[in-house]
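The structure appears below as structure tokens.
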Amino acid sequence: MRITGARILWETLVQEGVDTVFGYPGGAILPVYDAMLDYPIHHVLVRHEQGAAHMADGYARASGRLGVAIATSGPGATNLVTGIATAMMDSSPILCITGQVSSDAIGSDAFQETDVTGVTLPITKHNYLVSSAEEIAPTIREACYIARSGRPGPVLVDISKDAQIEFAEYERDRSEVRLSGYRPDLRPSTDEFRSAAQMIEDAERPVILAGQGVLKSNAMQELAEFVNKTNIPVAMTLLGIGCFPASHPMNLGMMGMHGEAWVNQAIQESDLLLAFGMRFDDRVTGNLASYAPNAKKIHIDIDPSEINKVVRADVAIVGDLRETLREVNPLLQEQSHSTWLEHIDVLKQESGIRDVQNLPGNGRLLAAHVIHDLWQLTQGQAFVVTDVGQHQMWAAQYYRHDRPWTLATSGGLGTMGFALPAAIGARFARPDEEIWVIVGDGGFQMTQAELATCRQENIKLNIALINNSFLGMVRQWQEFFYDERYAATPMVNPDFVKLAEAHGLTGLRVERRNQVESAVQRARNTEDTVLIEFRVAQDEAVYPMVPSGADLQAMIRRPMNEVKARAPRSKSRVE
Amino acid sequence: MLNKATQLEQAERERVFVTYVEDKPGVLNRVASLFRRRNFNIESLTVGHTEEEGVSRMTIVTNVSESVARRIEANLYKLVNVLRVEELTDKPKVFRDMALIKVQAQKEARVEVLQICDVFRARVVDVAPEALIVEITGENGKIEGLLELLRPYGVLETVRTGHVAMRRGYGIGSRPT
Chain A
1034 MRITGARILW
1044 ETLVQEGVDT
1054 VFGYPGGAIL
1064 PVYDAMLDYP
1074 IHHVLVRHEQ
1084 GAAHMADGYA
1094 RASGRLGVAI
1104 ATSGPGATNL
1114 VTGIATAMMD
1124 SSPILCITGQ
1134 VSSDAIGSDA
1144 FQETDVTGVT
1154 LPITKHNYLV
1164 SSAEEIAPTI
1174 REACYIARSG
1184 RPGPVLVDIS
1194 KDAQIEFAEY
1204 ERDRSEVRLS
1214 GYRPDLRPST
1224 DEFRSAAQMI
1234 EDAERPVILA
1244 GQGVLKSNAM
1254 QELAEFVNKT
1264 NIPVAMTLLG
1274 IGCFPASHPM
1284 NLGMMGMHGE
1294 AWVNQAIQES
1304 DLLLAFGMRF
1314 DDRVTGNLAS
1324 YAPNAKKIHI
1334 DIDPSEINKV
1344 VRADVAIVGD
1354 LRETLREVNP
1364 LLQEQSHSTW
1374 LEHIDVLKQE
1384 SGIRDVQNLP
1394 GNGRLLAAHV
1404 IHDLWQLTQG
1414 QAFVVTDVGQ
1424 HQMWAAQYYR
1434 HDRPWTLATS
1444 GGLGTMGFAL
1454 PAAIGARFAR
1464 PDEEIWVIVG
1474 DGGFQMTQAE
1484 LATCRQENIK
1494 LNIALINNSF
1504 LGMVRQWQEF
1514 FYDERYAATP
1524 MVNPDFVKLA
1534 EAHGLTGLRV
1544 ERRNQVESAV
1554 QRARNTEDTV
1564 LIEFRVAQDE
1574 AVYPMVPSGA
1584 DLQAMIRRPM
1594 NEVKARAPRS
1604 KSRVE
Chain B
-14 MLNKATQLEQ
-4 AERERVFVTY
6 VEDKPGVLNR
16 VASLFRRRNF
26 NIESLTVGHT
36 EEEGVSRMTI
46 VTNVSESVAR
56 RIEANLYKLV
66 NVLRVEELTD
76 KPKVFRDMAL
86 IKVQAQKEAR
96 VEVLQICDVF
106 RARVVDVAPE
116 ALIVEITGEN
126 GKIEGLLELL
136 RPYGVLETVR
146 TGHVAMRRGY
156 GIGSRPT
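Residue numbers (my numbering), protein chains in the order written: chain A, 1034 to 1608; chain B, -14 to 162.
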């Protein structure tokens, strides 16, 4: 059939299984919007294109499917950039479709013209400029395939306005996409399996470093089998959280800059690190020169460019983690590692004394307590979306996930403003699940306009706004490393309760710990989106902390004098 | 303390990559952008058509360590338009750069300049009353050698193509499949 390029776009997207898109119309994308009305597509009108990209990302993280964002040319497209970069760093499969000025005007500095493929070249897995209708279908099919396969990532397709308008022949193409320069279905290289199994057998103090690759390759079951057979404890990266049950006795918790002290200590003392689908980010390793000095490393990753990028691997296996573990698991010997595990238990007990959960707030509301209570009140079953900063680290430490795919957070890029739009996206992927947004007052204000999207779409979110009236994480760095000179971190905030109400949503305020439960329960029992502002202590820091670039074991711990000053007389709460 | 193998691995030296890419708009930009973004320095990059329609061939020369070379290769493969990468550094190969050199050559100097060119098997491709353009093909050292000898006569202008490389023998090695 002969149809317009705009219709070809929707035909192809529907064929690819797309039913929800997040976007914002404008001149250069109008033909696409006009054609959209004739297709079974739910369009979510965002308030800023950055929100559209984060929503597509949140949708992808919550569903494992492709998220789609649409924007017009020029400023519409450049507003996507932060969201695209976020998806790139965290390997999230999103497709961004942008309008472009007509092909005869490209390069002339036309109204709302930007070289969008140029701008997004280093922050996309791949991108395309399409200037004829007949290219649209094959390009969209390729784009979807590239975004979803291998190590997933964002793909952008920039479509000139004339290509949207002109007619071309369209037949549904059911063949598989084949690209001569892109072969992501890597089979693990078999020769390394035995040497890996031998190293695992020989190790006395092994630690598994589980990253998002476990989730992306759906290797949760295989990881559990690996652990049950070898009794090797599992440390997780921020994005790996959920890939191994938090309540499993072999779970150590999160590693890295704000990881648990015993996790980092165990990594430093280890003689074998098993890196499963993680990339040794600097927030995970600290000083590379002193990182796990006595450990051999087995690195399994689907992306060959991650091997030996940061840490030299003694055995490297490039391939899908699930396929790899299926090959490795039968080669493993049953092990107990009792001495090593007992040693880690001792480290854990030392840390427990300093844990803020074991200290009273002494009249102050602490963010860590709020998140801990939220975890208990939701039985750990909520889908949690966090923003970036202190609350994010407390959420990682105190909201314990037993199920995979229940945490969405901006890890690699650390994008403030991510939480609210990403949660809106997640809502469309998981219409019936309880979703909690945990967000700070700084990040919330970066994308708070999307409250209007919540209203317009009539969706239910629970927003826990952790308000300390500071850019808390920056404030913490200023306290620790800049002589307590608080440059540009105190915030004068709006009345968040009124802000929620102004959007036709419910706003609640909590100032004491004994109000937390009733507010959380009220939010859970309200049909609409509810924002709870938790007014928390301003001067609380996230512990432990490995200063940027410091040795991983050189953590700043909660000072013992503070622990003693705060500790209740009865020691009953101290484990 | 670095052991010998690690030292060798970290030693920077000239490395040659032959990269087959799809002949599509922006591919050169993608490759160049990759080197810039990952902070890999390019010594030279040449690109041209191949015997196969729709496929271009790049010769990339860079001065890096073994581990960085492996990362370059892996990162090149991540580009969708890159079909195949082969490192020719330690392979038997023909490795050529071409230069055009415009050199002053007035009456009395002209004979000497021509003699030097002869020794280097460089060709004179343009003659003007006061200057010659000399074309020379060869490895870097040869071209540098000629330039050094011509400099006293007054080198007015030079242009170089950058390196191209091809594996010796019958094997075609890096042809995309």
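Beta carbons are placed, not taken as given, at the ideal position from N, Cα and C, and that holds for glycine.
Because the structure is a prediction, the values reported are computed rather than measured.
Exposed unless 16 or more other CB atoms sit within 10 angstroms - verdict on residue i
i, result
"Q1133 (chain A)", "buried"
"A1095 (chain A)", "buried"
"Y1431 (chain A)", "buried"
"Y1178 (chain A)", "buried"
"F1529 (chain A)", "buried"
"L1211 (chain A)", "Before going further, note that residue 1211 (chain A) is Arg rather than Leu in the sequence given. Exposed, since its Cβ has fewer than 16 Cβ neighbours within 10 Å."
"G33 (chain B)", "exposed"
"R(-2) (chain B)", "exposed"
"K92 (chain B)", "exposed"
"F1513 (chain A)", "exposed"
"N1341 (chain A)", "buried"
"R1606 (chain A)", "Confidence in R1606 (chain A) is poor, its pLDDT being 41 and thus under 50, which makes the residue's placement unreliable; the coordinate value appears in the next sentence. Per the 10 Å Cβ criterion, exposed."
"H1075 (chain A)", "exposed"
"T162 (chain B)", "Bear in mind that a pLDDT of 45 at T162 (chain B), under 50, signals an unreliable position, so the number given afterwards is only what the model happens to contain. So T162 (chain B) counts as exposed."
"K1330 (chain A)", "buried"
"F1259 (chain A)", "buried"
"P1171 (chain A)", "exposed"
"M1122 (chain A)", "buried"
"T1372 (chain A)", "exposed"
"V96 (chain B)", "exposed"
"K1597 (chain A)", "exposed"
"Q1412 (chain A)", "exposed"
"V104 (chain B)", "exposed"
"E1339 (chain A)", "buried"
"L1585 (chain A)", "buried"
Unbroken alpha helix (DSSP H) run spanning residue i, endpoints
i, result
"C1487 (chain A)", "L1484 to E1490"
"I1350 (chain A)", "Premise fails: I1350 (chain A) lies in the beta strand (DSSP E), V1348 to V1351, not in any alpha helix (DSSP H)."
"A1196 (chain A)", "K1194 to I1198"
"M43 (chain B)", "M43 (chain B) -> not in any alpha helix (DSSP H); beta strand (DSSP E) instead, spanning V40 to V49."
"F1513 (chain A)", "G1505 to F1514"
"V1114 (chain A)", "V1114 to M1122"
"A1086 (chain A)", "E1082 to S1096"
"C102 (chain B)", "K92 to V104"
Contact with chain B by residue i, beta-carbon distance below 8 angstroms
i, result
"G1310 (chain A)", "no"
"P1337 (chain A)", "yes"
"H1159 (chain A)", "yes"
Proximity test, Cβ basis, 8 angstroms: residue i and chain A
i, result
"Y155 (chain B)", "no"
"S18 (chain B)", "yes"
"R197 (chain B)", "The displayed coordinates of chain B run from -14 to 162. Any statement about residue 197 (chain B) would go beyond what the structure contains."
"G123 (chain B)", "no"
"G126 (chain B)", "no"
"G147 (chain B)", "no"
"G11 (chain B)", "yes"
Within chain A, partners of residue i - CB distance below 8 angstroms
i, result
"N14 (chain B)", "G1151 and L1154"
"E7 (chain B)", "S1213 and G1214"
Cross-chain neighbours of residue i in chain B, by beta carbon under 9 angstroms
i, result
"I1179 (chain A)", "V65"
Extent of the continuous beta strand (DSSP E) run through residue i
i, result
"V140 (chain B)", "V140 to R145"
"D1304 (chain A)", "Taken as a continuous stretch (DSSP letters only), D1304 (chain A) belongs to no beta strand (DSSP E), as it is neither H nor E."
"P1073 (chain A)", "No beta strand (DSSP E) contains P1073 (chain A), which DSSP labels as neither H nor E."
"R1518 (chain A)", "Neither: R1518 (chain A) is in no beta strand (DSSP E) and is coded neither H nor E."
Chain B residues whose Cβ lies nearer than 8 angstroms to that of residue i
i, result
"K1493 (chain A)", "Per Cβ cutoff of 8 angstroms: no residues; K1493 (chain A) is ~40 angstroms from chain B at best."
Listed by chain order, chain C residues near residue i by CB distance under 8 angstroms
i, result
"N1341 (chain A)", "In the displayed structure, chain C is absent; the protein chains listed are A and B."
Listed by chain order, chain A residues near residue i by CB distance under 7 angstroms
i, result
"L68 (chain B)", "S1213 and G1214"
Chain-ordered chain A contacts of residue i [CB-CB under 9 angstroms]
i, result
"G33 (chain B)", "Neighbours of G33 (chain B) on chain A: none; closest Cβ ~18 angstroms, over 9 angstroms."
If the cut-off is 8 angstroms on Cβ atoms, which residues from the segment 46 to 64 of chain B count as contacting chain A, listed in chain order?
S52, R55, R56, A59, N60, Y62, K63 and L64
Which residues, in chain order, does the segment 1299 to 1331 of chain A contribute to contact with chain B at a C-beta distance below 9 angstroms?
none
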